[in-house]
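So the sequence lines, in the order shown, correspond to chains F and Y. Residue 272 is where the first sequence starts when you use the numbering used here, and the numbers rise one by one after that. Residue 272 is where the second sequence starts when you use the numbering used here, and the numbers rise one by one after that. Think of the CB as a built atom: it goes at the ideal place given N, C-alpha and C, for glycine as much as any other residue. Keep in mind the model is a prediction, meaning the values are calculated, not measured. Okay, so here's the structure we're looking at.
Number of protein chains: 2
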Amino acid sequence: MAFTLRQLRYFLATAENRTVSGAAQALAISQSAVTEAIRELEADLGVPLFERHPRGLEITPRGHQFLRHAQQILSSVSDARQAMKVEAEHLSGRLNIGVTSLVAGYVISDVLARFRRANPAVEVAALEDSGEYLEHLLIGGELDAAVMVTSNLRDRLALQAEILEVSPYQLWLPNGHPLAAQPSVAISDLAQEPMIMLRLDETEQPTRRLLDAFGARPRIAFRTRSVEAVRSLVATGAGIALLPALIYRRWSLEGDPIVSRDVSGSLPVVQVGVVWRKGAPLSPAVREFIRTAQSQRFRR
Amino acid sequence: MAFTLRQLRYFLATAENRTVSGAAQALAISQSAVTEAIRELEADLGVPLFERHPRGLEITPRGHQFLRHAQQILSSVSDARQAMKVEAEHLSGRLNIGVTSLVAGYVISDVLARFRRANPAVEVAALEDSGEYLEHLLIGGELDAAVMVTSNLRDRLALQAEILEVSPYQLWLPNGHPLAAQPSVAISDLAQEPMIMLRLDETEQPTRRLLDAFGARPRIAFRTRSVEAVRSLVATGAGIALLPALIYRRWSLEGDPIVSRDVSGSLPVVQVGVVWRKGAPLSPAVREFIRTAQSQRFRR
DNA sequence: ACCTAGCTATCGGTTTTTCCGATAGCGGCA
DNA sequence: TGCCGCTATCGGAAAAACCGATAGCTAGGT
């Protein structure tokens, strides 16, 4: 009747290892202790977190949902401990950050909240806009830095980037889709498939160009600005999607499965990073922001 | 070597009660158990969280800092549990939220992060700007809602507000300041005092008007947009400040004490709330956002 | 069809943590 | 000075956590 941090840590290790015994080994603890902890956690939440298979455990959709909460909690715990450890040299000043919408909802709202907690004397202003406009503001000196997709920067001469994450394009399919039979799919096979397009951060144009270049002319079934809507549409069989692995999840919000497949051939990748104006001296606050963003590994 | 949620809960209860035995009673647990848990927590963090006095405990500046982390962690824990409890009816759609800068850094970044976690299918866009401009956008229908100081709304006819927090003005003084001798201070006594002004959310104009109205003509020593800068300046004796109790804290970031005193006479209060256009039907997403904001009590 | 390897679940017993009640100590206050 | 309200500490009891051993399961190889 109240789970513990210990249970969360064991749960996390188990989810990462996809096996209890592996987690036990990583934790330097006996397997039975881990099994027990997970059983308690499930009983406490009233939700099965894993499906048991003879070769290991497979996380359930609800389990995966809880996993993200667990990660968030544990990272808050580690922040709290860190805050007590260091004899704070207090950063101050202003920090003007731009974010594109893809990145804004995804992971950066957590990073910003954490940064503000850790650096209360820094006045943070966050602005959400298109990558194009953010570049403009960066060059004009109105933003200190921006978090955005860097693989299609317009002005590479004036801007400098620190990559946070590199992510290849991959194909999303509904469960049981014929293309899922092969481990890897050729772009030309997509010719007749209805596509779901995500209208965020200019992921749409590169995708179209990609398809065009390979002569595939798929039908656009839907266009939406919501990642979750894409997931739901793919999961229910309304179409397939070609998107960065970064935002892939195994289930839609409703719990319907989504399958991902690599696309054969060398495709461009998406890079997400922190961008600032070349030559501009990085303020300590920006540097610290980059550190915070890096420490927050992107999560599925 | 790794604190537990139990310890955080006991710590929180103790900080609220300012006494171990009171906390023990509230927790329906023995006093020695609480004492023990706090001792362990302090040993684990390597930081004294309370000063022991014969009539109870007084939290230290570091303890107070840790308290905010503890609150954040426990509220994440409760969110996680909640997420597993409800058989999610998934809200979707867009939510365009405006915030003023005072409110942005203070508590709303946490609320937004929590809202996004709890409602992943809602595309949230947050915009930070002046109250005046936010009103304009609200009336134009470009924002669904805004979190801002509502006590000086310009257009009360077209806008409607749900108050989140009401907060009276109070006086901030350095430790040992002569005015701190009295429990309550008259505005006229401020005539000769150097003032620190906060240039956020139009807190400055009302303050000036207030002082003018009472014939007090204090000297403006500093103007800054950083709440923490005001705290540091007041704590080090650079001046005094007249600000909403909402943002009062007992110490500056450096750990120097700040004293607060009520101002005698009936002063205007500051109201912080969620504002939307009158007559506009509140979308479920907005309603849920208000609920999230309300549940997050403002923290000192 | 039958092993075997690799995994999880469960159980008894041990160690560690948590809790309680009792008691001692400490400083305000009548 | 003695009482009152609080915290710290201690011994012992109760509960939780852990371990090692064992049983059970199934995919994959033979």
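Item, Value
"Below 8 Å, can you find three or more Cβ-Cβ pairs linking the segment 483-493 of chain F to the segment 379-392 of chain Y?", "no"
"Against chain F, with Cβ distances strictly below 8 Å, would Val546 of chain Y count as a contact?", "no"
"Looking only at DSSP bridge pairs, what is Ile511 of chain Y linked to?", "Y:Met466"
"Would Ile344 of chain Y and Ala351 of chain F be called neighbours here (beta carbons separated by less than 8 Å)?", "yes"
"Could you work out which residues of chain Y lie near His340 of chain F, taking near to mean beta carbons separated by less than 9 Å?", "Ser347, Val348, Asp350, Ala351, Arg352, Ala354, Met355, Arg388"
"Let me know the alpha helix (DSSP H) ranges lying completely inside the segment 364-396 of chain Y, each 4 residues or longer, listed in chain order.", "380-389"
"According to DSSP, simplified to helix, strand and coil, what is Gln567 of chain F?", "coil"
"Show which residues of chain F have a CB atom less than 8 Å away from the CB atom of Arg333 of chain Y.", "Met355"
"How many angstroms separate the CA atom of His340 of chain Y from the CA atom of Ala509 of chain F?", "44 Å"
"Would you kindly check if the distance between the Cβ of Leu524 of chain Y and the Cβ of Ala392 of chain F is under 8 Å?", "yes"
"How is Ala416 of chain Y classed by DSSP in three states: helix, strand or coil?", "strand"
"By the 10 Å Cβ neighbour count, where 16 or more other Cβ atoms means buried, how is Glu406 of chain F classified, buried or exposed?", "buried"
"So is the beta-carbon of Arg532 of chain Y under 7 Å away from any non-hydrogen atom of the ligand FMN?", "No copy of the ligand FMN occurs in the structure displayed, which carries no ligand at all."
"In whole angstroms, what is the alpha-carbon distance linking Glu358 of chain F and Ile309 of chain Y?", "21 Å"
"Please list, in chain order, all residues of the same chain as Ile518 of chain Y whose beta carbon is under 6 Å from its beta carbon, the five residues on each side excluded.", "Val498"
"Verify the CB distance criterion: does Val505 of chain Y have a CB-CB separation below 8 Å to chain F?", "no"
"Can you tell me where the alpha helix (DSSP H) with Ile344 of chain Y in it begins and where it stops?", "332-356"
"If contacts are defined as beta-carbon pairs under 8 Å, then Asn367 of chain F and Ala396 of chain F qualify, I think. What distance do you get, rounded to the angstrom?", "5 Å"
"Could you tell me the distance, in whole angstroms, from the CA atom of Leu362 of chain F to the CA atom of Gln567 of chain F?", "20 Å"
"Looking only at DSSP bridge pairs, what is Val437 of chain F linked to?", "F:Gln542"
"Nearest by alpha-carbon distance to Thr507 of chain Y: which of Y:Arg470, Y:Met466, Y:Arg479, Y:Val545 is it?", "Y:Met466"
"Name the chain F residues whose beta carbon is nearer than 9 Å to that of Val374 of chain Y?", "Neighbours of Val374 of chain Y on chain F: none; closest Cβ ~12 Å, over 9 Å."
"In its own chain, which residues sit with a C-beta less than 6 Å from the C-beta of Val418 of chain F, not counting the 5 before and 5 after it?", "Val370, Val374, Ile379, Val545"
"Roughly how many angstroms lie between the CA atoms of Glu473 of chain Y and Pro445 of chain Y, to the nearest whole one?", "24 Å"
"Determine the chain F residues that contact Pro319 of chain Y at a beta-carbon separation under 9 Å, and present them in chain order.", "Here the premise fails: no neighbours, minimum Cβ distance about 11 Å."
"Provide the residue span of the beta strand (DSSP E) that contains Ser531 of chain Y, from first to last.", "529-534"
"Does DSSP classify Ser459 of chain Y as helix, strand or coil?", "helix"
"Could you pull the DSSP bridge partners for Gly327 of chain Y from this structure?", "Y:His324"
"Does the distance from the CB of Glu399 of chain Y to the CB of Ser372 of chain Y come in under 8 Å?", "yes"
"Using only the alpha-carbon positions, how far apart do Ser292 of chain F and Arg326 of chain F sit?", "10 Å"
"Counting only Cβ pairs nearer than 9 Å, list the residues of chain Y close to Asp381 of chain F.", "Ala384, Arg387, Arg388"
"Spell out the partners DSSP gives Ala432 of chain F in its beta bridges.", "F:Val546"
"Going by C-alpha to C-alpha distance, which of F:Val348, F:Thr563, F:Leu482, F:Leu328 sits closest to Glu287 of chain F?", "F:Leu328"
"Name the one or two DSSP bridge partners that Thr495 of chain F has.", "F:Leu469"
"Which residues in chain F have a C-beta closer than 9 Å to the C-beta of Val543 of chain Y? List them in chain order.", "In chain order: nothing, as chain F lies at least about 17 Å away."
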